[in-house]
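All residue numbers for the sequence shown refer to my numbering, where the first residue is 14 and numbers rise by one.
The C-beta atom is built at its ideal place from N, Cα and C for all residues, glycine as well.
What follows is a single structure, written as C-alpha coordinates, with notes after it.
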Amino acid sequence: MRPGGQPNLQQMMKQAQKMQQQMVAAQAELAEAELTGTAGGGLVTAVVRGSGEVVSIKIDPKAVDPEDVETLEDLVVAALHNAAQAAKDLTEQKMGPLTAGLGGLGGGLGLPGF
(Lines of atoms letter the chains of each structure in order from A and count residues from 1; the text may use other names and numbers.)
(Lines give C-alpha, C1' and ligand atoms only; values in the text may rest on other atoms or scores of the structure.)
Protein backbone atom coordinates (compact mmCIF):
# COMPACT_ATOMS: atom_id res chain seq x y z
CA MET A 1 0.00 0.00 0.00
CA ARG A 2 1.02 3.54 -0.57
CA PRO A 3 1.25 6.11 2.20
CA GLY A 4 -2.23 7.09 3.29
CA GLY A 5 -3.59 3.56 2.92
CA GLN A 6 -4.16 3.70 -0.85
CA PRO A 7 -3.41 0.45 -2.74
CA ASN A 8 -0.94 0.57 -5.61
CA LEU A 9 -3.24 -0.08 -8.57
CA GLN A 10 -0.39 -0.83 -10.95
CA GLN A 11 1.02 -3.45 -8.57
CA MET A 12 -2.44 -5.01 -8.15
CA MET A 13 -2.87 -5.21 -11.92
CA LYS A 14 0.52 -6.91 -12.29
CA GLN A 15 -0.40 -9.45 -9.62
CA ALA A 16 -3.79 -10.09 -11.27
CA GLN A 17 -2.13 -10.56 -14.66
CA LYS A 18 0.41 -13.00 -13.18
CA MET A 19 -2.37 -14.98 -11.51
CA GLN A 20 -4.33 -15.11 -14.76
CA GLN A 21 -1.27 -16.44 -16.62
CA GLN A 22 -0.77 -19.09 -13.92
CA MET A 23 -4.43 -20.10 -14.17
CA VAL A 24 -4.27 -20.42 -17.95
CA ALA A 25 -1.16 -22.59 -17.65
CA ALA A 26 -2.79 -24.76 -14.96
CA GLN A 27 -5.97 -25.15 -17.06
CA ALA A 28 -3.91 -26.24 -20.08
CA GLU A 29 -2.01 -28.75 -17.95
CA LEU A 30 -5.27 -30.10 -16.53
CA ALA A 31 -6.85 -30.45 -19.96
CA GLU A 32 -4.01 -32.71 -21.10
CA ALA A 33 -3.67 -34.74 -17.89
CA GLU A 34 -4.91 -38.33 -18.13
CA LEU A 35 -6.41 -39.87 -15.01
CA THR A 36 -7.36 -43.47 -14.41
CA GLY A 37 -10.29 -44.85 -12.46
CA THR A 38 -10.97 -48.49 -11.69
CA ALA A 39 -13.83 -50.61 -10.39
CA GLY A 40 -14.37 -54.21 -9.45
CA GLY A 41 -10.83 -54.67 -8.24
CA GLY A 42 -9.43 -53.61 -11.60
CA LEU A 43 -11.93 -55.51 -13.78
CA VAL A 44 -12.94 -52.22 -15.41
CA THR A 45 -10.55 -49.33 -16.03
CA ALA A 46 -11.51 -45.90 -17.35
CA VAL A 47 -9.10 -43.21 -18.50
CA VAL A 48 -10.28 -39.60 -18.74
CA ARG A 49 -8.59 -36.30 -19.45
CA GLY A 50 -8.75 -33.46 -16.97
CA SER A 51 -11.15 -31.79 -19.40
CA GLY A 52 -13.62 -34.64 -18.83
CA GLU A 53 -13.05 -36.36 -22.17
CA VAL A 54 -13.20 -40.15 -21.91
CA VAL A 55 -10.03 -41.56 -23.49
CA SER A 56 -10.58 -45.30 -23.02
CA ILE A 57 -12.47 -48.05 -21.24
CA LYS A 58 -10.84 -51.43 -20.64
CA ILE A 59 -12.89 -54.43 -19.51
CA ASP A 60 -11.29 -57.61 -18.24
CA PRO A 61 -12.99 -60.61 -19.91
CA LYS A 62 -13.67 -62.00 -16.41
CA ALA A 63 -16.15 -59.14 -15.92
CA VAL A 64 -18.23 -60.18 -18.92
CA ASP A 65 -21.16 -62.38 -17.95
CA PRO A 66 -23.94 -62.49 -20.56
CA GLU A 67 -26.34 -63.43 -17.76
CA ASP A 68 -25.43 -60.33 -15.71
CA VAL A 69 -24.91 -57.35 -17.99
CA GLU A 70 -26.19 -55.00 -15.28
CA THR A 71 -23.16 -55.62 -13.05
CA LEU A 72 -20.81 -54.82 -15.92
CA GLU A 73 -22.73 -51.61 -16.62
CA ASP A 74 -22.44 -50.65 -12.94
CA LEU A 75 -18.69 -51.35 -13.01
CA VAL A 76 -18.22 -49.11 -16.06
CA VAL A 77 -20.15 -46.28 -14.38
CA ALA A 78 -18.15 -46.75 -11.17
CA ALA A 79 -14.83 -46.67 -13.05
CA LEU A 80 -15.87 -43.49 -14.87
CA HIS A 81 -16.95 -41.92 -11.59
CA ASN A 82 -13.64 -42.89 -9.99
CA ALA A 83 -11.69 -41.33 -12.88
CA ALA A 84 -13.84 -38.18 -12.78
CA GLN A 85 -13.16 -37.85 -9.05
CA ALA A 86 -9.42 -38.13 -9.74
CA ALA A 87 -9.78 -35.33 -12.31
CA LYS A 88 -11.67 -33.19 -9.79
CA ASP A 89 -9.01 -33.83 -7.13
CA LEU A 90 -6.24 -32.85 -9.55
CA THR A 91 -8.13 -29.69 -10.50
CA GLU A 92 -8.47 -28.70 -6.85
CA GLN A 93 -4.79 -29.45 -6.29
CA LYS A 94 -3.66 -27.31 -9.24
CA MET A 95 -6.21 -24.50 -9.03
CA GLY A 96 -6.69 -24.28 -5.26
CA PRO A 97 -3.50 -22.34 -4.54
CA LEU A 98 -4.29 -19.92 -7.36
CA THR A 99 -7.89 -19.23 -6.39
CA ALA A 100 -6.93 -18.98 -2.70
CA GLY A 101 -4.87 -15.94 -3.66
CA LEU A 102 -8.06 -14.10 -4.49
CA GLY A 103 -9.05 -14.08 -0.83
CA GLY A 104 -12.39 -12.44 -0.22
CA LEU A 105 -12.27 -10.60 -3.52
CA GLY A 106 -13.38 -13.58 -5.62
CA GLY A 107 -15.09 -12.43 -8.78
CA GLY A 108 -15.25 -8.89 -7.47
CA LEU A 109 -12.01 -8.00 -9.21
CA GLY A 110 -13.88 -7.33 -12.42
CA LEU A 111 -11.09 -8.98 -14.41
CA PRO A 112 -11.62 -11.60 -17.11
CA GLY A 113 -10.96 -15.10 -15.85
CA PHE A 114 -11.56 -14.26 -12.18
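Query	Result
Considering only the alpha carbon of each residue, which of Arg62, Leu103, Thr51 and Gly63 lies closest to Val90?	Thr51
Report the rounded CA-to-CA distance for Ile72 versus Thr104, giving the unit in angstroms.	27 Å
Using DSSP's beta-bridge definition, name the partner residues of Gly50.	Ala59
Shortest alpha-carbon distance to Gly55 belongs to which of Leu111, Ala92, Val67 and Met32?	Ala92
Given this structure, state the Cα-to-Cα distance separating Ala46 from Val37, to the nearest angstrom.	14 Å
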